[in-house]
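**Q** Throughout the sequence shown, residue numbering follows our numbering, covering 226 to 511 in sequence. Glycine included, every Cβ here is placed at the ideal spot set by N, Cα and C. Quantities reported herein were computed from a predicted structural model and do not represent experimental measurements. One structure coming up, written as C-alpha cells, with questions to follow.
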Amino acid sequence: MRKTKKIPIAFPKLKIGIIGFGNIASGLAGGMVKKKLALPSQFMVYDIHHVRNDIAKNKFKFRVAKNYKDLCQNSELILLAVKPQNTSECLRRLKGLIKQHHLIISTITGVRTKDYQRVLGSKTRVIRTMPNTPVLIALGATVYFANKNCSDHDKHICERIFKSLGIIFETKKEIMLNAVTAISGSGPAFVYTYAHSVIESAVKLGLPRPLATELVYQTLIGATRMMSQMPIPVEDLIKQVTSKKGTTLAGLRVLHRKNFAKVIHSCMSAATRRAKQLSKVPVNNH
Numbered sequence: 226m227r228k229t230k231k232i233p234i235a236f237p238k239l240k241i242g243i244i245g246f247g248n249i250a251s252g253l254a255g256g257m258v259k260k261k262l263a264l265p266s267q268f269m270v271y272d273i274h275h276v277r278n279d280i281a282k283n284k285f286k287f288r289v290a291k292n293y294k295d296l297c298q299n300s301e302l303i304l305l306a307v308k309p310q311n312t313s314e315c316l317r318r319l320k321g322l323i324k325q326h327h328l329i330i331s332t333i334t335g336v337r338t339k340d341y342q343r344v345l346g347s348k349t350r351v352i353r354t355m356p357n358t359p360v361l362i363a364l365g366a367t368v369y370f371a372n373k374n375c376s377d378h379d380k381h382i383c384e385r386i387f388k389s390l391g392i393i394f395e396t397k398k399e400i401m402l403n404a405v406t407a408i409s410g411s412g413p414a415f416v417y418t419y420a421h422s423v424i425e426s427a428v429k430l431g432l433p434r435p436l437a438t439e440l441v442y443q444t445l446i447g448a449t450r451m452m453s454q455m456p457i458p459v460e461d462l463i464k465q466v467t468s469k470k471g472t473t474l475a476g477l478r479v480l481h482r483k484n485f486a487k488v489i490h491s492c493m494s495a496a497t498r499r500a501k502q503l504s505k506v507p508v509n510n511h
C-alpha cells in the first residue's frame, strides 16, 4: 500500500493574528489551514463578539487573545478584518502596539494605507486587499496594494494566502481599488440581483420556482465557465448563441433598447463613487 506523501506546511513558523473573525477572515484562515499554508496552532483571534471567538476556538482550534496587546505580542502577520465603521476604534487600540516585525494585511473597505501609517507609524508595513465573498468557496477574486514599506516576501505571503481561495492580482496604484471594489467586491451582489430577476420572470412565465431556480443557477455556472475557459472574446460567445430572427436576438434587442450597458455602467460608477467617498472619510485615532 502506497504511503500518502505528506505536504509540508508553507509558513510553519509564521505567527498569525486575526482581528475581526467574520466570514472573510474565517474563510481565509480556513483556506490557509486546508491548503497547508499554516497550522491551527499558529493562529490567534480577537473579535468583539464572543460568539465568533467561540467559533475560532471550538471549530477552528485557534487560540483566542485576551486583548489587542496579547494578540500583537503573539503575532507577526496581523489580518485586519473588522467592519469599516469599527476601523477607528480598532486602530486606536492598535496604536503603540505595532512594531517593525509586524505585517498588516487589511480587508477593510475604504481605508487607505496612509491612514494606517498615520495612526500606527510611518514605517508600518501594510497591504490593503479587496477580496470578495466567493473566497468562501475558494473561487474568490482579490486585488491588493502594498505600501512602499513592504518587501517582496511580504507580497509573496499575501499572494499565497489569497491564491488558496481563488485568484489575486497586484495593483501599483492604490486608487484603482475603488473600481475594483465596485467590479469584483460588490460584483457578486449584482450577479445575484440579475439571477433573482430572471428567476422571478421565469415564474411569471409559468415555470415552477424550483425548476426556474435550478435552470438559472446552472445557466450562470455554464456561461461563466465558458467565458473563463474558452479562448475567445465575450462578444463572440454572444454571437454563438444568437441566430438571425431567433429568440436570443429578440431578447437582446430589448436590452439594447433599454440601454442595458448604460444601466450597468451607472451601477458600477455609483459603487466606485461610494468607494471613493469611503476612502476620504477620516480615520479618527483619538
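Name, in chain order, the residues that DSSP records as bridge partners for A371.
**A** For A371, which the question treats as bridged, DSSP gives the partners I352.
**Q** Identify whether F394 lies in helix, strand or coil by the three-state DSSP scheme.
**A** Of the three classes helix, strand and coil, the one that applies to F394 here is strand, per DSSP.
**Q** Taking the alpha carbon of F285 as the reference point, which residue from P265, I273 and I303 has its own alpha carbon closest?
**A** Here the closest residue by C-alpha is P265.
**Q** Starting from M452, trace the alpha helix (DSSP H) both ways and give me its first and last residue.
**A** It spans R434 to Q454 - the alpha helix (DSSP H) in which M452 sits, taken as one unbroken run.
**Q** Are there three or more Cβ pairs, one per stretch, closer than 8 Å when the region 404-414 is compared with the region 486-501?
**A** As far as the Cβ criterion goes, the region 404-414 touches the region 486-501, which means the pair count is three or higher.
**Q** At the level of alpha carbons, what is the spacing between E439 and T358?
**A** Roughly 21 Å separates the two Cα atoms.
**Q** For S331, which of helix, strand or coil comes out of DSSP?
**A** Note: S331 maps to strand in three-state DSSP.
**Q** G412 lies in the alpha helix (DSSP H); which residues open and close that run?
**A** Run containing G412: G412 to K429, per the alpha helix (DSSP H) assignment.
**Q** Do P386 and T349 have their CB atoms nearer than 8 Å?
**A** Contrary to the premise, residue 386 reads as Ile rather than Pro in this sequence. Not a contact, by the Cβ cut-off of 8 Å.
**Q** Grouping DSSP H, G and I as helix and E and B as strand, with all else coil, what is A366?
**A** Correct three-state label for A366: strand.
**Q** Would DSSP call G242 helix, strand or coil?
**A** In this structure, G242 counts as strand in the three-state DSSP scheme.
**Q** Return the CA-CA distance between I244 and F268, expressed in angstroms with no decimal places.
**A** Each residue's alpha carbon lies about 11 Å from the other.
**Q** With distances taken from CA atoms, which of L316, C375 and T472 is nearest Q325?
**A** The candidate whose alpha carbon is nearest that of Q325 is C375.
**Q** Can you say whether R478 is buried or exposed, counting buried as having 16 or more other CB atoms within 10 angstroms of its CB?
**A** Answer is exposed; the Cβ neighbour count stays below 16.
**Q** Look at the alpha carbon of Y419 and the alpha carbon of V360, and state the distance between them as a whole number of angstroms.
**A** Cα to Cα, the separation comes out at about 20 Å.
**Q** Determine the contact status of K261 and I234, defining contact as a CB-CB distance below 8 Å.
**A** Taking 8 Å as the Cβ cut-off, K261 and I234 qualify as a contacting pair.
**Q** Going along the chain, which residues of its own chain have a beta-carbon closer than 6 Å to the beta-carbon of G252, five neighbours each way excluded?
**A** Cβ neighbours of G252 beyond the five flanking positions: V360 and L361.
**Q** Starting from the Cα of A371, find the closest Cα among G365, I393, A363 and S389 and give me that residue.
**A** Of the candidates G365, I393, A363 and S389, the one whose C-alpha sits nearest the C-alpha of A371 is I393.
**Q** According to the Cβ coordinates, are T396 and V423 closer than 8 Å?
**A** No, they are not a contact pair.
**Q** Within the chosen definition, does the region 336-345 reach the region 309-322 through at least 3 CB pairs nearer than 8 Å?
**A** With a cut-off of 8 Å, the region 309-322 and the region 336-345 count as touching, because enough Cβ pairs lie within range.
**Q** Go through its chain and collect everything with a Cβ distance to R277's Cβ below 6 Å, but skip five positions before and after it.
**A** These residues qualify, in order along the chain: F246.
**Q** Residues bridged to I303 by DSSP?
**A** Partner(s): G242 and I329.
**Q** Starting from the Cα of E399, find the closest Cα among V508, S491, S426 and T354 and give me that residue.
**A** If we check each option's Cα against that of E399, T354 comes out closest.
**Q** Return yes when the Cβ of S389 is within less than 8 Å of the Cβ of G256, no when it is not.
**A** Contact: yes.
**Q** Would you give the residue range spanned by the beta strand (DSSP E) that M269 belongs to?
**A** Looking at the DSSP string, the run of the beta strand (DSSP E) that includes M269 is F268 to Y271.
**Q** Between which two residues does the alpha helix (DSSP H) harbouring L345 extend?
**A** Start and end: T338 to L345.
**Q** From A366 to P356, what distance separates their C-alpha atoms?
**A** So the two alpha carbons sit approximately 6 Å from each other.
**Q** Between which residues of its own chain and M451 is the CB-CB distance below 8 Å, once the five residues before and five after are set aside?
**A** Contacts found: L462.
**Q** How long is the line joining the alpha carbons of K240 and L302, rounded to whole angstroms?
**A** Computed Cα separation, rounded: 6 Å.
**Q** Just the Cα atoms here: how many angstroms apart are A254 and A263?
**A** Answer to the nearest angstrom: the Cα atoms are 9 Å apart.
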